[in-house]
Amino acid sequence: METQEVVKLRTITGAGMLDCKKALDEAAGDIDEAVKILKKKGQIKAAKKSAERVTKEGIVHAYTHANGKVGAMIEILCETDFVARNEIFKELAHDIAMQVAATEPLYLKPENIPAEILEKQKEMYREELVAEGKPEAIMDKIMEGKLAKYYSEVCLMNQVFIKDEDKTIADLINDRIVTLGEKVEIRRFCRISI
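Under numbering that gives the first Met the number 0, the letters of the sequence shown match residues 0 to 193, in that order.
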């Protein structure tokens, strides 16, 4: 295995040299496949870090759109003040505040949607499906899809990242957890517009 390939993979992913070498070995030298392997392993590591660790540091970041009529503020947490001062962490905070300003999410995650609002949404979808004459047997599957789309519109963590349509905000945060080596979470956000 060429050292250049390992270095190239490391540049693309930010993963450690040994992890890159193992991923390339596993992918039989295919860089694209190695990236997928590292991403999958990274998401598993990120989930583990998130479950086990406590966030007690972080920053509050504000973003104001160029026209001065829309702004957003977020509280984003990490484990140490060292990471809170890191440029990658600050860039993440900026990107998420910009996302909030651009997309107007109402909730952080689906679990944060009040039960009565979610029930009204489900009822509306049910009525639509009945009116369209959809068979009962496939209604649940269609409902799942409609709810997933609804979550991607109103829940920040489920939204497609405005700078990379291949990622959701949850994916973006998981990527940064792997890069920074610490748990990262958004506690709250708000959006203000004129």
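Where a beta carbon is used, it is the ideal one built from N, C-alpha and C, also for glycine. In this text the structure is predicted, and so the values were computed from the model without any measurement.
For the alpha helix (DSSP H) containing residue i, name the first residue and the last one.
{"i": "Ala96", "result": "Glu86 to Thr102"}
Out of curiosity, what's the CA-to-CA distance linking residue i and residue j?
{"i": "Ile43", "j": "Leu37", "result": "Because the pLDDT at Ile43 is just 49, under 50, the model does not fix this residue reliably, and the point stays unresolved."}
{"i": "Pro113", "j": "Glu181", "result": "30 Å"}
{"i": "Thr2", "j": "Glu32", "result": "17 Å"}
{"i": "Ala26", "j": "Ile161", "result": "30 Å"}
{"i": "Met0", "j": "Leu8", "result": "In this prediction, Met0 has a pLDDT of 49, which is less than 50 and means its spatial position is unreliable; what the coordinates show is noted afterwards. So the alpha carbons of these two residues sit roughly 12 Å apart."}
{"i": "Asp163", "j": "Glu126", "result": "35 Å"}
{"i": "Leu179", "j": "Lys145", "result": "35 Å"}
{"i": "Met97", "j": "Thr10", "result": "26 Å"}
{"i": "Ala169", "j": "Glu90", "result": "15 Å"}
{"i": "Gln158", "j": "Ser151", "result": "4 Å"}
So, are the CB atoms of residue i and residue j less than 9 Å apart?
{"i": "Asp94", "j": "Leu171", "result": "yes"}
{"i": "Ile75", "j": "Ile176", "result": "no"}
{"i": "Ile58", "j": "Phe88", "result": "yes"}
{"i": "Phe188", "j": "Val82", "result": "no"}
{"i": "Ala92", "j": "Ile73", "result": "yes"}
{"i": "Val183", "j": "Cys77", "result": "yes"}
How far does the beta strand (DSSP E) with residue i in it extend, from its first residue to its last?
{"i": "Gly70", "result": "Val69 to Cys77"}
{"i": "Ala61", "result": "Glu56 to Thr63"}
- Counting pairs of Cβ atoms below 8 Å between the stretch 53-71 and the stretch 186-193, do you hit three or more? yes
- Within the chosen definition, does the stretch 141-155 reach the stretch 116-133 through at least 3 CB pairs nearer than 8 Å? yes
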